[in-house]
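Residue numbers (our numbering): 1327 to 1414.
We put the beta carbon where it would ideally sit given N, CA and C, even for glycine.
The following block contains the structure:
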């Protein structure tokens, strides 16, 4: 049996190696924009956890409330690594 290994017709380019052809490119974020996105993500996780708690879904609430500090920790590490201006 003969098997030919062919290259795909569309080669991904840029930072998103798994992009579907025709989908919009993922922009490269500045450290400050990434920091803001991580903090926004942490706030969304916290809101989601509180919403789940009000709905009496304790297992989901515990997951989201545990995940929120992880996003804050990532933002703090980014702030230290990227040498952003100190917060007032």
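Item, Value
"For residue 1388, which option in 1366, 1376 and 1405 has the closest C-alpha, if you only look at C-alpha atoms?", "1376"
"I need the boundaries of the alpha helix (DSSP H) containing residue 1361, first residue and last residue.", "1357-1380"
"Give every residue of the same chain whose Cβ lies closer than 6 angstroms to the Cβ of residue 1374, excluding the five residues on either side of it in the sequence, and list them in chain order.", "1390"
"How should residue 1355 be labelled, buried or exposed, when 16 other C-beta atoms within 10 angstroms of its C-beta is the threshold for buried?", "exposed"
"Locate the alpha helix (DSSP H) running through residue 1398, then write down its first and last residues.", "1384-1408"
"Output yes or no for whether 8 angstroms exceeds the beta carbon distance between residue 1368 and residue 1401.", "yes"
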